[in-house]
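Protein chains: 2
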Amino acid sequence: MSNLIDRLRNKGVVLTPQRLAVVEFLKKSTTHPTVNEIYKVLRKKYPMMSQATVYSTLELLKRIGEIQELSIRKDKACFDPNPKLHHHLLCRKCEKILDIEVNCPIIKKGKVKRCEVEEVQAYLYGICPACLKKEHGKKE
Amino acid sequence: MSNLIDRLRNKGVVLTPQRLAVVEFLKKSTTHPTVNEIYKVLRKKYPMMSQATVYSTLELLKRIGEIQELSIRKDKACFDPNPKLHHHLLCRKCEKILDIEVNCPIIKKGKVKRCEVEEVQAYLYGICPACLKKEHGKKE
DNA sequence: CTGATTGCAAAAGGTTTGCATGAAT
DNA sequence: ATTCATGCAAACCTTTTGCAATCAG
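First to last, the sequence lines map onto chains A and B.
Sequential numbering from 9 applies to the first sequence in the numbering used here.
Sequential numbering from 9 applies to the second sequence in the numbering used here.
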């Protein structure tokens with residue numbers, strides 16, 4: 009965690025308590041939270057925190073390549089503390105977002121079909137292993 | 009086009025003039041239009057057409073598998089008359105959306121990493137061939 | 001006829017923006 | 001002093017919803 013803070017400092021980021029709170033919460037999280045989820049949790053500890061600050065901090069972290077934003081949900085953005093290229097599945101049963109670590113030889117950065125690809129997001133929709141297992145007992 | 013209409017009838021779709029207008033416009037289009045783009049064009053010919061009807065018709069066409077919805081733009085939905093699995097690139101220069109017809113062995117429907125994948129959307133962000141060509145002359 | 005569809009307008013929800021306050025250097 | 005971040009609230013846009021009027025079969 010402390011080398012994350014060093015990294016931010018080196019990138020010239022002014023580290024306010026609010027920003028630290030967002031960074032720390034997000035880097036610990038494994039659930040790809042939305043802005044509002046982050047805001048609601050942090051507000052308990054930092055009652056003066058505003059949603060606009062959460063937005064601007066996430067924008068900043070995205071810009072410097074510390075996190076990535078997902079549009080896998082149609083209605084709102086989710087955030088992933090891991091900025092490296094990987095894919096995601098949204099489970100239609102439990103609504104959770106899972107990281108999908110596969111090395112796709114085609115859907116990747118670089119030249120694809122004469123295009124210069126700089127960023128990739130692959131969104132899979134279906135059922136996660138946990139919900140598949142639950143279904144095995146039932147009919148359906 | 010007439011076998012499209014037959015197909016809709018066979019699926020039990022009530023064919024109103026508004027729905028026909030949306031279907032015909034979208035099936036001819038190659039630009040992945042947004043709801044508002046569709047609405048603005050159709051309103052010229054059908055002044056009584058409402059945006060709510062465009063929304064509901066697109067929802068209907070999606071449900072019966074005639075079109076697909078893209079979330080490649082962060083702010084609004086785009087629609088693709090081709091419901092088959094294929095991928096897309098959003099060019100950051102011209103803002104156009106291109107179809108990317110590649111056969112990815114990994115990002116596909118079926119079993120992926122112990123998940124049951126029912127739908128796939130791969131969104132590539134970068135520069136399209138036309139804009140790349142334009143850049144060649146310039147320094148950049 | 002009768003249920004489905006339409007159009008209108010309002011509501012909802014997420015995101016962005018403007019500006020005054022406040023903190024840091 | 002000056003710059004930059006914050007918080008608040010309003011504004012903005014897209015999408016959804018409710019309902020009365022209308023239409024398709």
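Note that beta-carbon positions come from the ideal geometry of N, C-alpha and C, so glycine has one too.
These numbers come from a predicted model, not from an experiment.
Is the beta carbon of residue j closer than 8 Å to that of residue i?
{"i": "Leu132/B", "j": "Cys123/A", "result": "yes"}
{"i": "Val31/A", "j": "Ile46/A", "result": "no"}
{"i": "Leu23/B", "j": "Arg15/B", "result": "no"}
{"i": "Ile105/A", "j": "Ile80/A", "result": "yes"}
{"i": "Leu97/A", "j": "Gly134/A", "result": "yes"}
{"i": "Val21/A", "j": "Lys121/B", "result": "no"}
{"i": "Cys102/B", "j": "Cys139/B", "result": "yes"}
{"i": "Gly73/A", "j": "Pro89/A", "result": "no"}
{"i": "Val49/B", "j": "Val62/B", "result": "no"}
{"i": "Lys119/A", "j": "Glu126/A", "result": "no"}
{"i": "Gln76/B", "j": "Met57/B", "result": "no"}
{"i": "Ala130/B", "j": "His95/B", "result": "yes"}
{"i": "Cys112/A", "j": "Cys112/B", "result": "yes"}
Tell me, please, which residues DSSP counts as bridged to residue i.
{"i": "Leu2/A", "result": "This structure leaves residue 2/A out entirely; chain A is present only between 9 and 148."}
{"i": "Thr42/B", "result": "Cys86/B"}
{"i": "Gly118/B", "result": "Val125/B"}
Is there at least one Cβ from chain A nearer than 8 Å to residue i's Cβ?
{"i": "Gln59/B", "result": "no"}
{"i": "Gly7/B", "result": "Since the first residue of chain B shown is 9 and the last is 148, residue 7/B is not available in this structure."}
{"i": "Glu148/B", "result": "For Glu148/B, the predicted structure reports a pLDDT of 48, less than 50, and the residue's modelled location is therefore unreliable. A value from the coordinates is still provided. Not an interface residue."}
{"i": "His144/B", "result": "no"}
{"i": "Val110/B", "result": "yes"}
{"i": "Pro25/B", "result": "no"}
{"i": "Ser37/B", "result": "no"}
{"i": "Ile105/B", "result": "no"}
{"i": "Glu126/B", "result": "yes"}
{"i": "Cys136/B", "result": "yes"}
{"i": "Lys82/B", "result": "yes"}
{"i": "Leu140/B", "result": "yes"}
{"i": "Leu97/B", "result": "yes"}
{"i": "Ile13/B", "result": "no"}
{"i": "Ile46/B", "result": "no"}
Counting contacts by CB-CB distance shorter than 8 Å, is residue i in contact with chain B?
{"i": "Gln129/A", "result": "yes"}
{"i": "Leu150/A", "result": "The question about residue 150/A has no answer here: the residues shown for chain A are numbered 9 through 148."}
{"i": "His94/A", "result": "no"}
{"i": "Leu28/A", "result": "no"}
{"i": "Val120/A", "result": "yes"}
{"i": "Ser79/A", "result": "yes"}
{"i": "Cys123/A", "result": "yes"}
According to DSSP, simplified to helix, strand and coil, what is residue i?
{"i": "Glu74/A", "result": "coil"}
{"i": "Arg27/B", "result": "helix"}
{"i": "Arg81/B", "result": "coil"}
{"i": "Leu16/A", "result": "helix"}
{"i": "Ser58/A", "result": "coil"}
{"i": "Leu93/B", "result": "coil"}
{"i": "Asn111/B", "result": "coil"}
{"i": "Val22/A", "result": "coil"}
{"i": "Ser64/B", "result": "helix"}
(message) Does the structure place the stretch 68-77 of chain A close enough to the stretch 31-40 of chain A that three or more beta carbon pairs sit under 8 Å?
(response) yes
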